[in-house]
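Notes to accompany the following structure.
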Amino acid sequence: MLVKTEMIRQSAPAGESKVICRNATVEDVEPLYLMIEEYAQRGIMLPRSRQALTRQIDQFVIAEIDGMFVGCGSLFRLGNDLVEVRSIGLRDEGKGKGVGSMILEKLTEEARRQGIPKIMALTYAVDFFLRNGFTVVEKEIFPEKVWTDCVNCKKQHACDEIAVMKRLD
Numbered sequence: 127m128l129v130k131t132e133m134i135r136q137s138a139p140a141g142e143s144k145v146i147c148r149n150a151t152v153e154d155v156e157p158l159y160l161m162i163e164e165y166a167q168r169g170i171m172l173p174r175s176r177q178a179l180t181r182q183i184d185q186f187v188i189a190e191i192d193g194m195f196v197g198c199g200s201l202f203r204l205g206n207d208l209v210e211v212r213s214i215g216l217r218d219e220g221k222g223k224g225v226g227s228m229i230l231e232k233l234t235e236e237a238r239r240q241g242i243p244k245i246m247a248l249t250y251a252v253d254f255f256l257r258n259g260f261t262v263v264e265k266e267i268f269p270e271k272v273w274t275d276c277v278n279c280k281k282q283h284a285c286d287e288i289a290v291m292k293r294l295d
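Each residue of the sequence shown is one higher than the one before, starting from 127 at the first, in this note's numbering.
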């Protein structure tokens, strides 16, 4: 469960909208579902049902610009020393404004708070993760991920996602 915190971009230039990154609530299930479903239809994310999102809502953070939902991400524990960044996505209104990095920073801080030394992701947005301190690694070093999600993925035998990891210790 994510600790209840909120990040607000304090250094926004005059006239720029306020960005808030906060823990998701049950009221956020529908916009989360719609965003993840849009990405899933493009083959970029694994789909999540509304019911699964409701059960896992405490793993998600969302980003808002002036109160409008623009992005999300989640943190999923794969073991004692490993968590995964999942379902990180942005609407066009959030792109190019550092919102994705805010989401990732909030999730990374939560992993640190929990004392977890490694954070990983499978992604197509490699450059984004590299800019945020991750490095490219071999997928095979994450058997926890393979047995948790990959066994159910239609791309299991032809996965084209890139594994990235960041050490927090």
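Think of the CB as a built atom: it goes at the ideal place given N, C-alpha and C, for glycine as much as any other residue.
Check, Outcome
"Closest Cα partner of Cys198 within the set Gln167, Glu287, Asp184 and Arg293", "Asp184"
"Buried versus exposed, by CB contacts within 10 Å (16 or more), Asp154", "buried"
"Cβ-based neighbour list, Arg304, same chain, cut-off 6 Å, excluding 5 preceding and 5 following", "In the structure as shown, the chain begins at 127 and stops at 295. Residue 304 is therefore absent and cannot be evaluated."
"Rounded separation between Asn206 and Ser143 - CA only", "39 Å"
"C-alpha gap between Asp295 and Ala189, whole angstroms", "27 Å"
"Distance between Ile146 and Glu266 (C-alpha atoms, nearest Å)", "36 Å"
"C-alpha distance - Met246 paired with Asp286, whole-angstrom precision", "16 Å"
"Buried versus exposed call for Leu230 [16 or more other C-beta atoms within 10 Å across all chains shown]", "buried"
"C-beta contact flag for Arg174 and Tyr159 at 8 Å", "yes"
"Gly222, buried or exposed, once every other Cβ within 10 Å from all chains shown has been counted against 16", "exposed"
"Residues bridged to Asn258 [DSSP beta-bridge criterion]", "Its beta-bridge partners do not exist; DSSP assigns none."
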